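Residue numbers (the numbering used here): 87 to 258. Below: one structure, written as structure tokens.
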Amino acid sequence: SSDTRSTAIQKIKALVESREQNAFVRAYALEKLGDLNSEELENYLMDVAANKLGIDEKRELRWPAYLAYWKSRVNRENDPDKQINLLTISLNDRFEDLIPSNVQTWAANELCDRGIKTLLPLIIKSIKDRDPFESGDEEVRLCKMKIDVLLSFPTRCEALSAALEMEDPFED
């Protein structure tokens, strides 16, 4: 019921706002609020990210709040093309204040997991801009592999089955 949902939301917000709580518990509570895919909660998440509530003096909640906001915003959208557009916007490093690197990493992974090959150049640029080292190269390789596997099979289930049977290209 809506009363149960409202009560649960208030309890989760209380965890987020409690200065006595561990930062990891507070970040997890933000993630759970984002999972509810609510426009009202997205406003709350942005307020937490901007420290408008004065509950994050150490700025430990900023990045988790932004990530929860973007996940909610994308998941609230029913049209897959609009979801992809939001994920593409999330990769853009020109909005560094609104889209920190953890959100960009998540967006790149989401696009790879959806097999969006047309956006591969943008995904690669985003990954390499955030991580120009060998670990970034490995992330790019993994993304390409995911996309190739997803596009090689008619269903995600068949693609997953095939991926599980592949040799690990990352082994030494």
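We put the beta carbon where it would ideally sit given N, CA and C, even for glycine. Note that this is a predicted model, so its numbers are computed, not measured.
Counting only beta-carbon atoms, is residue i nearer than 8 Å to chain D?
{"i": "A135", "result": "In the displayed structure, chain D is absent; only one protein chain is listed."}
Here's the rule I'm using: 16 or more other beta-carbon atoms within 10 Å means buried, otherwise exposed. How should residue i be labelled?
{"i": "C198", "result": "buried"}
{"i": "C229", "result": "buried"}
{"i": "A193", "result": "buried"}
{"i": "E128", "result": "buried"}
{"i": "K237", "result": "Reading the sequence as shown, one finds Leu at residue 237 and not Lys. With fewer than 16 other Cβ atoms within 10 Å, it is exposed."}
Does DSSP put residue i in a helix, in a strand, or in coil?
{"i": "S187", "result": "helix"}
{"i": "F219", "result": "coil"}
{"i": "F110", "result": "helix"}
{"i": "S87", "result": "coil"}
{"i": "L236", "result": "helix"}
{"i": "M252", "result": "coil"}
Round the Cβ separation of residue i and residue j to the nearest angstrom and send it over; I've been treating them as touching at under 8 Å.
{"i": "I170", "j": "N178", "result": "About 14 Å separates the two Cβ atoms, so there is no contact after all."}
{"i": "R105", "j": "I141", "result": "7 Å"}
{"i": "V160", "j": "L147", "result": "With a Cβ gap of about 20 Å, V160 and L147 do not count as contacting."}
{"i": "L131", "j": "L116", "result": "7 Å"}
{"i": "V102", "j": "L153", "result": "14 Å between Cβ atoms; not a contact."}
{"i": "G120", "j": "S88", "result": "About 19 Å; that fails the 8 Å criterion."}
Measuring only the C-alpha atoms, how far is residue i from residue j?
{"i": "A135", "j": "A100", "result": "16 Å"}
{"i": "S212", "j": "Y155", "result": "20 Å"}
{"i": "A245", "j": "M231", "result": "11 Å"}
{"i": "V235", "j": "E143", "result": "45 Å"}
{"i": "A249", "j": "R227", "result": "14 Å"}
{"i": "S109", "j": "G222", "result": "As written in the sequence, residue 109 is Ala, which differs from the Ser given in the question. C-alpha separation (whole angstroms): 28 Å."}
{"i": "E253", "j": "T204", "result": "26 Å"}
{"i": "Y114", "j": "I95", "result": "13 Å"}
{"i": "L206", "j": "T93", "result": "42 Å"}
### Query
Of all the alpha helix (DSSP H) runs that stay within the bounds of the region 130 to 178, which reach a length of 4 or more residues?
148 to 162 and 166 to 176
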